[in-house]
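Residue numbers (UniProt numbering): 1 to 383.
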């Protein structure tokens, strides 16, 4: 698909024969791909058209169907490249950035909306140092100071720390001259600036809500020159979903700007790890649809917190029960031990004059034991 005209160009690549895709020198606009068996389409095709081949015709129709189902950001990534069905596989084969996966999410997940400037750059190579760089874009403008990694005599990209090879790399004039390519520059801007993120998203989706398909940009342009009463009247007619929300409606009527008509929304929410993302995880939502999504997410988070509190309470109660059981067992063991000692003490009966008690006699009468024993023995012998 041409990035300049949007026309679809046909190529052929036979495995084992062609080393690279071979052009068939036939192209057409996407809107020309009506059902090719209709009378209108038959009249448009020339007799020697490759579309007369049923195999090619089916492949082109399937390509058109998959292409129309892609998001604008996905089409941008595939534009200008030879493609093969299915297009989902082509998206997986694209080289992703160092930090993000195919869905535009940071690989480790993040709950921050933006990356701090001191964290976004990769670590410097061992032989590199940070240097101050001054830019002045335009006559009489004040110089701006930035930091950039340098090796011995070569500047490094502010994002990935790869060498910058452009002609202005050593004497940069604009901010984009501090990066190795346009992809790193765009990723840096998107991850560090809300404004840049909205601008890039607008270039792709043109301010059209991906949910209700309301053209928010067209709405703002139309109502801006109108009076307040006319603005309200037109919004109630063209965007009844927005008109049903009084606070959002009043804000848009008083200040008809893009920011009051549509928002850049995270597809995977920030609280689920969708922060610090690229455009693949962003979508355009009108203020009414964004309000609905936000309410649903708040309800979901509220329910999650309630479940977490309930689980924590159950765990704490379980721990308390374990501690109480251990304390009860310890008390029972102590009582049993005391009762056992009392029982043993009751068996130790002191009999005066007994040899069994002589060792326990603590009153100084230990000398009586042997004499008494002898007396008992003598009396026995006499008997």
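Beta carbons: idealized from backbone N, C-alpha and C, even for Gly. Keep in mind the model is a prediction, meaning the values are calculated, not measured.
My guess is that residue 24 and residue 11 are in contact by the Cβ rule of under 8 Å, so how many angstroms apart are they, rounded?
Taking the chain shown and counting its residues from 1, the one referred to as residue 24 is at position 24. Taking the chain shown and counting its residues from 1, the one referred to as residue 11 is at position 11. Yes, residue 24 and residue 11 are in contact; Cβ-Cβ is about 6 Å, under 8 Å.
Label residue 121 either buried or exposed according to how many other C-beta atoms from any shown protein chain fall within 10 Å of its C-beta, with 16 as the threshold for buried.
As a working mapping, residue 121 is identified with position 121 in the chain shown. Burial call: buried.
Using a 10 Å radius around the Cβ and a threshold of 16 neighbouring Cβ atoms, would you call residue 182 buried or exposed?
Taking the chain shown and counting its residues from 1, the one referred to as residue 182 is at position 182. So residue 182 counts as exposed.
Top-ranked residue by Cα proximity to residue 197, from 282, 219, 297
Counted from its first residue, the chain shown places residue 197 at position 197. Among 282, 219, 297, the Cα nearest to that of residue 197 belongs to 282.
Cα separation between residue 242 and residue 286?
As a position in the chain shown, residue 242 is number 242, starting the count at 1. As a position in the chain shown, residue 286 is number 286, starting the count at 1. If I take the Cα positions, the gap works out to 8 Å.
Candidates 291, 234, 205: which alpha carbon is nearest residue 71's?
By 1-based counting over the chain shown, the position of residue 71 is 71. Nearest option by C-alpha distance: 205.
Of all the options 145, 315, 127, which has the alpha carbon lying nearest to the alpha carbon of residue 134?
Walking along the chain shown from the start, residue 134 turns up at place 134. The option with the nearest alpha carbon to residue 134 is 145.
DSSP-derived helix/strand/coil call for residue 227:
Locating residue 227 in the chain shown gives position 227, where the first residue counts as 1. Of the three classes helix, strand and coil, the one that applies to residue 227 here is coil, per DSSP.
What first and last residue would you give for the beta strand (DSSP E) that runs through residue 184?
By 1-based counting over the chain shown, the position of residue 184 is 184. Note, residue 184: premise wrong, no beta strand (DSSP E); alpha helix (DSSP H) at 182 to 192.
Collapsed DSSP secondary structure at residue 146 in the structure displayed:
In the chain shown, the residue the question calls residue 146 occupies position 146. Three-state DSSP puts residue 146 in a strand.
DSSP-derived helix/strand/coil call for residue 4:
For the purposes of this step, residue 4 is identified with residue 4 of the chain shown, where counting begins at 1. In this structure, residue 4 counts as coil in the three-state DSSP scheme.
Beta-bridge pairing of residue 178 - partner residues as DSSP gives them:
In the chain shown, residue 178 corresponds to position 178, counting from 1. Paired residue(s): none; residue 178 is not in a bridge.
What are the partner residues of residue 264, as DSSP defines its beta bridges?
For this step, residue 264 is matched to residue 264 along the chain shown. In DSSP, residue 264 forms a bridge with 284.
Can you list, in chain order, the residues of its chain with a C-beta nearer than 8 Å to that of residue 80? Leave out the 5 residues immediately preceding and following it.
Stepping through the chain shown from its first residue, residue 80 is reached at position 80. Excluding residues within five positions, the ones whose Cβ falls inside 8 Å are 1, 2, 3.
Between the Cα of residue 84 and the Cα atoms of 200, 60, 69, which residue gives the shortest distance?
Within the chain shown, numbered from 1, the residue matching residue 84 stands at position 84. Out of 200, 60, 69, 60 has the C-alpha closest to the C-alpha of residue 84.
Identify, in the order they occur along the chain, each residue of the same chain with its Cβ nearer than 7 Å to the Cβ of residue 270, setting aside the five sequence neighbours on each side.
Counting from one through the chain shown, the residue named residue 270 turns up at place 270. Around residue 270: 111, 113.
The alpha helix (DSSP H) that contains residue 385, what's its start and end?
Missing from the structure shown is residue 385; the chain here goes from 1 to 383 and no further.
Under the criterion of a Cβ to heavy atom distance below 7 Å, does residue 259 qualify as lining the ligand GTP?
You won't find the ligand GTP in this model; it holds no ligand whatsoever.
Report the CB separation of residue 252 from residue 235 in whole angstroms; it is logged as a contact under 8 Å.
Against the chain shown, residue 252 aligns to sequence position 252. Against the chain shown, residue 235 aligns to sequence position 235. That belief holds up - the Cβ atoms of residue 252 and residue 235 are roughly 7 Å apart, short of 8 Å.
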